[in-house]
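Participant: Read in our numbering, the sequence shown has 20 at position 20, and its numbers run on one by one without any break. Each residue gets a CB set at the ideal place from its N, CA and C atoms; glycine is no exception. Okay, handing you the structure first.
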Amino acid sequence: MNALIHIHSERERPVKELVVLSGKGGTGKTSLVASFAALAENAVLADCDVDAADLHLVAAPRIERRAFFTGGKQAAIDPSLCAGCGRCEDLCRFHAIQAMAPGDQVWAATRRVDPLACEGCGVCAWFCPAQAIQMNPAVNGEWFVSATRFGPMVHARLGAAEENSGKLVSLVRTTAKEIASERGSALVLIDGSPGVGCPVIASVTGASLALIVTEPTPSGLHDMERVAALVAHFRIPAAVCVNKWDLNEAMTGLIEENALRRGLSLAGRVRYDRLATQAQIAEKTIVEYAGDGLAAEIRALWQKLFARLAPDANRKDEVKSSVSASASAPQNRTKARWLPRC
Ligand code: SF4
Ligand code: SF4
């Protein structure tokens, strides 16, 4: 009862965003986000890894709303206006324009656009002497609002060879934040894109906290440094987690030293365990699948992040009981809510 009263009193509080990042794919970022979702309960999920979305594999979303994403433009030639001069074909540096139906006497001289190759630069339309080329909105993908056992989830699917994933990430994030505000949820959990490119920047800008997940290898150290430089540029507070730390303890130590030198905090270590794969096969999060070992480390990690997001010192005991209640008694999940005072 007290918890419910608390939830209502928190409705007006600003929504916090925890974004989980990695320098490359396959570091365990999504497995951690899914476990955090199971522990946080009342958070809204945002899968911003739109180029290779996979949070849905564990979250099992039921799509409730879907819409096309049109982030760019695409050239289209009107054959009835085309004079067949070939200028557009010469100017297109992406080789997206070819003669239409070679051998066809009627259409041989006109040109057509390959939609997969067109980058939407607009050069052909600008220079076409017959004004036969239109720049139309391009459908780059689809986005969804879904229900999951953890709460609402916003996710997307970028079409094959499509660009503008940064815009799509922004759309996913904005929608997730709006849903969180409407529901009175205080947290959006973001599965960020890997790397340091445009979609990552769109995932991270303005976030409350970034968790950088990396592995204990030389490339893991390098990846962590690149992501750390990115979040530092955007002044996002960040913490580091070494996944599969026990595969190379010395390298784990090196990464953590490096992180501390850069002013990052250490959120925790997560061991290598085949349980992670078994949980994926069972379509469960690690904390749903197991109780100790790897799962306990993830719970400890979550607790630490929670403390960063909800720095009120009086919250510590409540956090602990919320996390342990969620872990040990799945039937009590509805009571173990995300209750930040932040
Ligand atoms: S530049 Fe215009 S008129 Fe010339 S081939 Fe291309 S579409 Fe046709
Ligand atoms: S818009 Fe640019 S990329 Fe697309 S066909 Fe025209 S010149 Fe080529």
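Grab the span of the beta strand (DSSP E) containing residue 266 for me, first residue to last.
Facilitator: For the purposes of this step, residue 266 is taken as the residue at position 266 of the sequence shown. Counting along the chain, the beta strand (DSSP E) containing residue 266 begins and ends at 265–270.
Participant: Report the rounded CA-to-CA distance for residue 248 versus residue 169, giving the unit in angstroms.
Facilitator: In the sequence shown, counting from the first residue as 1, residue 248 sits at position 248. In the sequence shown, counting from the first residue as 1, residue 169 sits at position 169. So the two alpha carbons sit approximately 34 Å from each other.
Participant: List, from N- to C-terminal side, the beta strand (DSSP E) runs of 3 residues or more that fit wholly inside the segment 59–133.
Facilitator: Runs of the beta strand (DSSP E) inside the segment 59–133: 62–69, 72–77, 97–99 and 111–113.
Participant: Is it buried or exposed for residue 174, if we count other Cβ within 10 angstroms and need 16 for buried?
Facilitator: The sequence position of residue 174 within the sequence shown is 174, counting from 1. Its Cβ having fewer than 16 others within 10 Å, residue 174 is exposed.
Participant: In whole angstroms, what separates the C-alpha of residue 76 from that of residue 47?
Facilitator: Here residue 76 refers to the residue found at position 76 of the sequence shown. Here residue 47 refers to the residue found at position 47 of the sequence shown. Near 32 Å, if we compare the C-alpha coordinates of residue 47 and residue 76.
Participant: Within 10 angstroms of its Cβ, does residue 278 collect 16 or more other Cβ (buried), or is it exposed?
Facilitator: Residue numbering aside, residue 278 sits at position 278 when the sequence shown is read from its first letter. Classification for residue 278: exposed.
Participant: May I ask you to check if the CB of residue 120 is nearer than 7 Å to at least one heavy atom of ligand 2?
Facilitator: For the purposes of this step, residue 120 is taken as the residue at position 120 of the sequence shown. For ligand 2, at least one heavy atom lies less than 7 Å from the Cβ of residue 120.
Participant: Does ligand 2 have a heavy atom nearer than 7 Å to the CB of residue 91?
Facilitator: Position 91 of the sequence shown, counting from 1, holds the residue named residue 91. For ligand 2, at least one heavy atom lies less than 7 Å from the Cβ of residue 91.
Participant: Compute the Euclidean distance between the alpha carbons of residue 28 and residue 179, then round it to the nearest angstrom.
Facilitator: Within the sequence shown, numbered from 1, the residue matching residue 28 stands at position 28. Within the sequence shown, numbered from 1, the residue matching residue 179 stands at position 179. If you take the alpha carbons of residue 28 and residue 179, they lie about 26 Å apart.
Participant: Could you check where the alpha helix (DSSP H) with residue 198 kicks off and where it finishes?
Facilitator: Here residue 198 is taken as the residue at index 198 of the sequence shown, counted from 1. Note, residue 198: alpha helix (DSSP H), 198–204.
Participant: Going by the DSSP bridge assignment, what does residue 241 pair with across the sheet?
Facilitator: Here residue 241 refers to the residue found at position 241 when the sequence shown is read from its first residue. Note: residue 241 sits in a beta bridge opposite 213 and 268.
Participant: Just checking my contact of residue 59 with residue 150 at CB under 8 Å: how many whole Å lie between their CB atoms?
Facilitator: Along the sequence shown, read from residue 1 onward, the residue named residue 59 stands at position 59. Along the sequence shown, read from residue 1 onward, the residue named residue 150 stands at position 150. With a Cβ gap of about 6 Å, residue 59 and residue 150 count as contacting.
Participant: Closer than 7 Å to a non-hydrogen atom of ligand 1 - does that hold for the CB of residue 83?
Facilitator: On the sequence shown, residue 83 is found 83 positions in, with the first residue counted as 1. For ligand 1, at least one heavy atom lies less than 7 Å from the Cβ of residue 83.
Participant: According to DSSP, is residue 137 part of a helix, a strand, or is it coil?
Facilitator: Walking along the sequence shown from the start, residue 137 turns up at place 137. Three-state DSSP puts residue 137 in a strand.
Participant: Let me know the secondary structure DSSP gives residue 16 once reduced to three states.
Facilitator: Looking up residue 16 in the sequence shown gives position 16. The answer is strand: DSSP assigns residue 16 an E or B state.
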